[in-house]
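Engineer: My structure is below; once you've seen it, I'll send some questions.
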């Protein structure tokens, strides 16, 4: 091998090294600047009036900034529009995102869709409402069973641990409704002198229907001492009905989630307590868990309880609770 | 053969290793320098950027702080403008009949002030008796509320100054749950500065939030505000803090002066930049992740790594070129030396450039030249040696001498002189035996003496009493070696030129002794002697009768001595006509 051929080989090697180095740099820049991971979040409703999801969205955005990922927030306008949610998820799957966070509108009907996500090797984290599947995945939500048990204990306390109580559930078949019913039922059944009415009432997450159902219930089961409403709209309907019937304070009401009207009803003494969730934390933790899982295959898939707080007239304005009850400045 | 091969490979390896060393040192040197410079500038740039961005963050935080102070100052001005309002004084101080009218006036005045302002949520005037006027008549104070227990009320009352609360949901009004910052101030009686009433201005919390929330510090950094008690006025992750998902080291911030403090969060370095408002007691804190500030660092590092790689490659190429440039003449020299070693004496290394190495090549070339001449000279000497030795041997088988000797033997045997025949024959045999000496070049002095004795014995038979001889040798020298047949030609010369022509008795005396470190063999005769002319002829190997006598001659002896021992040794004559000749043979002392 003479000197010239060595030189030629060295120059080739040098060029290759430089080329590789440049490619590497470009790759790094691409990854950093143009290819930020994208996490799609498909929730039950993107209606800006549904405060719960708006708060969750701001939590998700905080996580997105913190973790350097883009958060795309999608969902049907109406919470009951399951078909639309399935369509949205299917469209998202085609975009091959890094992760999908899904708040299932229906426990059973989204099974195929959810399994399709995981079959496409996309990380799935379910948020707030679980989906029926045997596939292993993480679930970030309020521990609805425990929260409902606490609500039941409060109910027992306010009715003096005796009498008839009833549940008005929001949507039939939704995991949150199922869990809250179950938790409340299990806990209230531990009190000997409290009877839970067998008949189930559903508000379909509609205040007016809840109002009507409450009136029906009060007529059908006179002497009822407490009603547990499993979500915000349901609790408002119950509160209005009880107030209109002049039964405020006589029929105890415990709700789930809150809004301005519910706070006013608490202050008026119509509603005794509401269980409130932490949607901000839910949004935040959902994104965080999704990013953790797609970045690390070995990340543990688990249930993350984002917590809940029982709000009464007494702790309504406590510093820690203000942001939960009144998440937005206006 | 095997050994030879090893030597070759070793030599080759050495050249390569020199090249490797030069290349290695060169590459390491350049790479080292680049890495040191790179690392230094990497860290220097890192620190400069860190300082710069820290400074920027500090400026930003101070600006936010200033904006807030300016804004709150503005709000205080509004509050103060009501201090000397006659209607308000009247309303607060006198419980007059036209109170409703007065309240309406005040409400209108309050409303006028904030009507155009979206930043003020509400203004309320509260008398010491609990009467309240709010700018909007639609707003109602909750029945069950105790104003004296409100935080903003107590605070202003206790300090007597303009006070700013932290952010909170105002729970004063029916059906309103607005996030506000409550600014409260005590209205004092104009005469004695005593408490007259309280003015509450609720600022829309959005205003504060807007001033802070849109500021982005790096990728993840944010600004938050706490008040002097450590309560959160604004924090983008407020809910996470309350749920203990995130933590902010509030205590550290409260105990720190304005400037920077660094904390660790989830293994990341986080820097707080604090600016305190002396006015409201609020602390505006910029939280920046060092990782964020230094996010360009991987690029910089990659850049330096690439540059180092290129530089090292260039260094290696240069090193190889330089070392081969230096080593190629050395390789040429080695190549030449190897060929020389293998016997090629005609080798001449070509010199391409004049430098130190070419000096070596030149020296080598001149050395090989000299060696070449020496070798050829040596060859010639050897050749001459062989030739003269052959001559010396031939002379011993001189037919004339042999014929005379054999004639003498025949004659003696006819005369019945058996003893003489035996003596003669054995001497002749001895003479030839020593002459040949199994082909040896050197013989001991003892053998040389035997040789000359044999010769003289033979000659004695011929010349009878006319020839007398004597040999005196130093006993110690008998075992020293000299070249053979040195004395006999001299003696022969002495007989034929000195004694033969002499009418009287001829005498030859041979002495062998040591003079200093040399051997001196002296052959003296009392013959005719020689003039200079004859000596010259003898030394030039020319007898006056040509070469008929066929003797090997003095010249041959002298030549052989000189060829073997050098010019310091040889033969010299001292001769006196009709007196005799002394021939001195100088030889080295060798065992």
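Chains as they are written, first to last, in our numbering: chain A, -7 to 322; chain B, 6 to 596. Don't be surprised by glycine CBs; every beta carbon is placed ideally from N, CA and C. Since this is a predicted model, take the numbers as computed values, not measurements.
1. Sort out for me which residues DSSP pairs residue 75 of chain B with in a bridge.
2. Residue 449 of chain B and residue 485 of chain B - do their beta-carbons sit closer together than 9 Å?
3. Along the segment 57 to 91 of chain A, what residues have a CB closer than 8 Å to any CB found in chain E?
4. Can you name the start and end residues of the alpha helix (DSSP H) that residue 164 of chain B belongs to?
5. Entirely within the segment 273 to 326 of chain B and at least 3 residues each: give me those beta strand (DSSP E) ranges in chain order.
6. Does the beta carbon of residue 18 of chain B sit closer than 9 Å to a beta carbon anywhere in chain A?
7. Determine which residues share a DSSP beta bridge with residue 486 of chain B and list them.
8. Closer than 8 Å by C-beta to residue 306 of chain A: which residues in its own chain qualify, once you throw out the five before and the five after it? Chain order, please.
9. Starting from the beta carbon of residue 245 of chain B, find every residue of chain A whose beta carbon is closer than 7 Å, and list them in chain order.
10. Going by DSSP, what residue range makes up the alpha helix (DSSP H) through residue 126 of chain B?
11. Could you check whether residue 33 of chain A and residue 119 of chain A sit closer than 9 Å to each other, using their CB atoms as the reference points?
12. Using the Cβ count rule (16 or more neighbours within 10 Å means buried), how would you classify residue 420 of chain B?
13. Determine the direct distance from the alpha carbon of residue 220 of chain A to that of residue 143 of chain A, and round the result to whole angstroms.
14. Please tell me whether residue 200 of chain B and residue 92 of chain B are closer than 9 Å, where the distance is taken between their beta carbons.
15. What does the alpha-carbon distance come out to for the pair residue 1 of chain B and residue 505 of chain B?
16. Who are the near neighbours of residue 552 of chain B in its chain, counting only those whose CB is closer than 6 Å to its CB and skipping five residues on each side?
17. Which of the three DSSP states is assigned to residue 101 of chain A in this structure?
18. Looking at the C-beta of residue 221 of chain A, does it have a partner C-beta in chain B at a distance below 9 Å?
19. Spatial neighbours of residue 95 of chain A within its chain, please: C-beta separation below 6 Å, excluding the five flanking residues on both sides.
20. Should residue 251 of chain A be labelled buried (16 or more other beta-carbon atoms within 10 Å of its own) or exposed?
21. Closer than 8 Å is the cut-off here; do at least three beta carbon pairs connect the segment 195 to 212 of chain A with the segment 231 to 241 of chain A?
22. If contact is defined by three or more beta carbon pairs under 8 Å, each pair taking one atom from either stretch, is the segment 167 to 186 of chain B in contact with the segment 107 to 118 of chain B?
23. In the DSSP assignment, what residue or residues form a beta bridge with residue 173 of chain B?
24. Taking the alpha carbon of residue 336 of chain B as the point to measure from, which residue in B/321, B/348, B/357 has its own alpha carbon closest?
25. State the beta-bridge partners of residue 315 of chain A as determined by DSSP.
26. Ignore the nearest five residues each way along the sequence and tell me which others in residue 126 of chain B's own chain have a CB closer than 8 Å to its CB.
27. Any idea which residues DSSP pairs residue 297 of chain A with across the strands?
28. Among the candidates B/293, B/433, B/492, whose CA atom is the shortest distance from the CA of residue 276 of chain B?
29. For the beta strand (DSSP E) that contains residue 580 of chain B, what are its first and last residues?
30. Which chain B residues are close to residue 312 of chain A, counting only those with a beta carbon under 7 Å from its beta carbon?
31. Using a Cβ-Cβ cutoff of 9 Å, what residues of the segment 130 to 156 of chain B are near chain A? List them in chain order.
32. To be precise: take each residue of the segment 290 to 314 of chain A, compare its Cβ to all Cβ atoms of chain B, and keep it if any distance is under 9 Å. Which residues remain?
33. Taking buried to mean at least 16 other C-beta atoms within 10 Å of its own C-beta, is residue 565 of chain B buried or exposed?
34. What residue range does the alpha helix (DSSP H) around residue 414 of chain B cover?
35. Locate the alpha helix (DSSP H) running through residue 169 of chain A, then write down its first and last residues.
36. Here's the rule I'm using: 16 or more other beta-carbon atoms within 10 Å means buried, otherwise exposed. How should residue 519 of chain B be labelled?
Structural biologist: Working from what's here:
1. Translated into the one-based positions of the second chain, residue 75 of chain B becomes position 70. DSSP output for residue 75 of chain B lists no bridge partner at all.
2. Residue 485 of chain B sits at position 480 when you count from the first residue of the second chain. Residue 449 of chain B sits at position 444 when you count from the first residue of the second chain. Going by C-beta atoms, residue 485 of chain B is nearer than 9 Å to residue 449 of chain B.
3. In the structure shown, chain E cannot be found, because the protein chains are A and B.
4. Counting from 1 along the second chain, the entry for residue 164 of chain B is found at position 159. Note, residue 164 of chain B: alpha helix (DSSP H), 156 to 164.
5. 273 to 281, 288 to 294
6. For the purposes of this step, residue 18 of chain B is identified with residue 13 of the second chain, where counting begins at 1. Reliability of the predicted coordinates at residue 18 of chain B is poor, the pLDDT of 49 falling under 50, and the value obtained from them is presented with this limitation in mind. It does not: the Cβ of residue 18 of chain B has no partner Cβ on chain A nearer than 9 Å.
7. Counting from one through the second chain, the residue named residue 486 of chain B turns up at place 481. DSSP output for residue 486 of chain B lists B/449 as bridge partner(s).
8. Position 314 of the first chain, counting from 1, holds the residue named residue 306 of chain A. If we look at residue 306 of chain A and ignore the five residues flanking it on each side, it has no Cβ neighbours.
9. For the purposes of this step, residue 245 of chain B is taken as the residue at position 240 of the second chain. The answer, in chain order, is 273, 276.
10. The residue given as residue 126 of chain B occupies position 121 in the second chain. Run containing residue 126 of chain B: none in the alpha helix (DSSP H); it sits in the beta strand (DSSP E), 125 to 132.
11. Here the question's residue 119 of chain A lines up with position 127 in the first chain. Here the question's residue 33 of chain A lines up with position 41 in the first chain. For residue 119 of chain A and residue 33 of chain A, yes; Cβs fall inside 9 Å.
12. Here residue 420 of chain B is taken as the residue at index 415 of the second chain, counted from 1. With fewer than 16 Cβ atoms within 10 Å of its Cβ, residue 420 of chain B is classed as exposed.
13. Residue 143 of chain A sits at position 151 when you count from the first residue of the first chain. Residue 220 of chain A sits at position 228 when you count from the first residue of the first chain. Cα to Cα, residue 143 of chain A sits roughly 8 Å from residue 220 of chain A.
14. As a working note, residue 200 of chain B is residue 195 in the second chain. As a working note, residue 92 of chain B is residue 87 in the second chain. In this structure, residue 92 of chain B does not lie closer than 9 Å to residue 200 of chain B by Cβ.
15. For chain B, the structure presents residues 6 to 596; residue 1 of chain B sits outside this window and is missing.
16. Locating residue 552 of chain B in the second chain gives position 547, where the first residue counts as 1. Caution is warranted here: a pLDDT of 42 is assigned to residue 552 of chain B, below 50, making its placement in the model unreliable, and the coordinate value is therefore given only provisionally. Short of 6 Å from the beta carbon of residue 552 of chain B, and not among the five residues preceding or following it, lies no beta carbon of its own chain.
17. The sequence position of residue 101 of chain A within the first chain is 109, counting from 1. In this structure, residue 101 of chain A counts as coil in the three-state DSSP scheme.
18. On the first chain, position 229 is the one that residue 221 of chain A refers to. With 9 Å as the cut-off, residue 221 of chain A does not count as an interface residue toward chain B.
19. For the purposes of this step, residue 95 of chain A is taken as the residue at position 103 of the first chain. For residue 95 of chain A, where only same-chain residues beyond five positions count, the Cβ hits under 6 Å are 35, 36, 119, 120, 121.
20. Mapped onto the first chain, residue 251 of chain A falls at position 259. Buried, since its Cβ has 16 or more Cβ neighbours within 10 Å.
21. Contact between the segment 195 to 212 of chain A and the segment 231 to 241 of chain A is present, because at least three Cβ pairs lie under 8 Å.
22. No, the segment 107 to 118 of chain B is not in contact with the segment 167 to 186 of chain B.
23. Within the second chain, the letter at position 168 stands for residue 173 of chain B. Partner(s): B/185.
24. On the second chain, residue 336 of chain B is found 331 positions in, with the first residue counted as 1. Ranking the options by Cα distance to residue 336 of chain B, first place goes to B/357.
25. Counting from one through the first chain, the residue named residue 315 of chain A turns up at place 323. In the DSSP output, where bridge partners are listed per residue, residue 315 of chain A has none listed.
26. Position 121 of the second chain holds residue 126 of chain B. Taken in chain order, the residues that qualify are 175, 183, 185, 207, 208, 209.
27. Along the first chain, one-based indexing puts residue 297 of chain A at 305. Bridge partners of residue 297 of chain A: A/133.
28. By one-based count along the second chain, residue 276 of chain B stands at place 271. Measuring from the Cα of residue 276 of chain B, the nearest candidate turns out to be B/293.
29. Counted from its first residue, the second chain places residue 580 of chain B at position 575. That run of the beta strand (DSSP E) goes 575 to 581.
30. Numbered from its first residue, the first chain carries residue 312 of chain A at position 320. Within chain B, the residues near residue 312 of chain A are 247.
31. Of all residues in the segment 130 to 156 of chain B, 147, 149 have a Cβ within less than 9 Å of some Cβ in chain A.
32. 298, 299, 308, 309, 311, 312, 313, 314
33. The residue labelled residue 565 of chain B in the question sits at position 560 within the second chain. Buried, because 16 or more other Cβ atoms sit within 10 Å of the Cβ of residue 565 of chain B.
34. As a working note, residue 414 of chain B is residue 409 in the second chain. From DSSP, the alpha helix (DSSP H) with residue 414 of chain B extends over 404 to 419.
35. On the first chain, residue 169 of chain A is found 177 positions in, with the first residue counted as 1. Note, residue 169 of chain A: alpha helix (DSSP H), 167 to 180.
36. To locate residue 519 of chain B, count along the second chain from 1; it is residue 514. It counts as exposed.
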